[in-house]
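Residue numbering for the sequence shown follows my numbering, starting at 39 and increasing by one per position.
C-beta: ideal position from N, C-alpha, C; glycine also.
Small disclaimer: the values here were computed from a predicted structure and weren't measured.
All remarks here apply to the structure that follows.
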Amino acid sequence: MDKLTREQRKKNMQAARSKGSKIEVRLAKALWKKGFRYKKNDKTVFGKLDITFKGLKIAVFCDSEFWHGKDWNIKKHEHKSNIDFWHKKIERNIQRDKEINEYLKNEGWKVLRFWGKDIEKN
């Protein structure tokens, strides 16, 4: 059973962003401060990259642990409500990440993926 009301859950889900997330902004600012110049959310490259170094062909993704299934084999048992939906959703996200990585690598890109907690710590 969900601990939140439908309205609270809806508000939480609407707050989740696909770009401009806290972890993405934090990493981007740190890179900029170090003198790295990049493009954010470049739509000309396949895969919804968070940060792109196009000339160097480096793709950077900032993945949240929840949406991208960090330690999924352990964490998937923590879902208490709407289990079928969340398992399908997160497992598809994991699969999509693998497909994007493979596609970009085949195109000569170097792919870097960072977990949100690692960005926050470092």
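Cβ-based burial, Phe-91 [other Cβ within 10 Å; buried from 16]: With 16 or more other Cβ atoms within 10 Å, it is buried.
Backbone CA spacing between Gly-107 and Lys-114 [nearest angstrom]: 8 angstroms
Terminal residues of the alpha helix (DSSP H) in which Leu-142 lies: 121-144
Exposed unless 16 or more other CB atoms sit within 10 angstroms - verdict on Trp-147: buried
Cβ-based neighbour list, Lys-95, same chain, cut-off 6 angstroms, excluding 5 preceding and 5 following: Gly-146 and Trp-147
Local Cβ density within 10 Å of Glu-62, reported as buried at 16 or more and exposed below that: buried
The region 67-80 in contact with the region 112-132 per 3-pair CB rule at 8 angstroms: no
Beta strand (DSSP E) segments (min. 3 residues) lying fully within the region 68-121: 89-91 and 96-101
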